[in-house]
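In mature numbering (1 follows the signal peptide of the UniProt record, and there is no 0), the protein residues as written are -19 to -1, 1 to 130.
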Amino acid sequence: MKSSIYFLVLLTTLFCAKSAKTAGSGVRKTYLLQYFAKVNWYDAFLNCQRNGLRLATINSADEEKTLIKIVEKAGMKNNHFWISAADLAKEGRFSWYSTGDLVTYKNFRKSQPDNYRGNEHCVQFSNIYAWNDVRCNALAYFICEKAMK
Ligand SMILES: [Ca+2]
C-alpha cells in the first residue's frame, strides 16, 4: 500500500513519466522519462535527486534496448535525453555521476565522443542517434531511474 501511494506521488510530481523494468546487470530498475521541460545536465541531475531518484545509467545493451522501447512507446523517438555519464573530472574518462561508477558499457554514435570545441562533457542518449557528448549547459529532456529492491 505504502509503495503504491509513493508511486502515485511520484507520477504527480514527475509529469509525463514513463517507466519500465529492466533486468540488466542484475539490478532491477525503473526508468522514468522526463519530458515536461528541457533543462541542462546539472538541473536534470538535481531534479532526479530531489525526487528520490537518480539520473539514468545504462549498463548493458539489454538495458539500452529496454530504454529504447520506453522512448518509442512514449512517442519521443526523435529526442535527446540526458543520462548521468560525464567526463567533467577528467577529459575522456566517462563516469556515471549518479553512482560514481566508471562507464564500462558504451554506445557512442560514430565519431563520438568528440569533445567538440573542447567543451562537451555531458552525455545525451537518443534512441536513433545513440550517445553523444554535448555541452553540459545545453537543454534536453532527461531520464531518471529508480533501483528496485
Ligand atoms: Ca559530441
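No residue lacks a Cβ here, since even glycine has one placed at the ideal position from N, Cα and C. Note that the coordinates shown come from a computational prediction; the quantities given were computed from them, not determined experimentally.
Can you check which of these residues, the options, is closest to residue i by C-alpha distance?
i           : options                        : result
GLU44       : TYR97, ASN88 and ALA121        : ASN88
PHE62       : ALA128, ARG9, THR11 and TRP112 : TRP112
CYS125      : ASP68, TYR110 and ASN32        : ASN32
LYS19       : ILE109, MET129 and GLN105      : GLN105
ARG98       : PHE123, VAL115 and GLN30       : VAL115
residue 167 : LEU27, ARG9 and ASN100         : Past the boundaries of the shown model lies residue 167; the chain is included only from -19 to 130, so the question cannot be answered.
For residue i, which residues of its own chain have a beta-carbon under 6 angstroms away from its beta-carbon, when the five flanking residues on both sides are left out?
i     : result
SER92 : none
Within its chain, find whatever has a CB closer than 7 angstroms to the CB of residue i; leave out the 5 residues flanking it on each side and keep chain order.
i     : result
ARG90 : TYR110, ALA111, TRP112 and ASN113
ASN96 : GLU72 and ASP114
Would you call residue i buried or exposed, if buried means 16 or more other Cβ atoms sit within 10 Å of its Cβ?
i     : result
ALA4  : Low per-residue confidence applies at ALA4: pLDDT is 49, beneath 50, and the placement is therefore not dependable enough to give any value.
GLN15 : buried
THR11 : buried
Which residues bound the alpha helix (DSSP H) around residue i?
i           : result
residue 131 : Absent from the structure is residue 131, since the part of the chain shown begins at -19 and ends at 130.
GLU45       : 42 to 54
Over the uninterrupted beta strand (DSSP E) stretch that includes residue i, give me the two end residues.
i      : result
ASP114 : 111 to 115
Would you check whether ligand 3 has a heavy atom nearer than 6 angstroms to the C-beta of residue i?
i      : result
GLN105 : Ligands in the displayed structure: ligand 1; ligand 3 is not one of them.
Near residue i, which residues of its chain fall below 8 angstroms by C-beta distance, leaving aside the five closest residues on each side in sequence?
i     : result
THR80 : ARG35, THR38 and SER65
Using only Cβ atoms and a threshold of 7 angstroms, which residues come within that distance of a heavy atom of ligand 1? Order them by chain position. GLN93, PRO94, ASP95, ASN96, TYR97, GLU101, ASN113, ASP114 and VAL115
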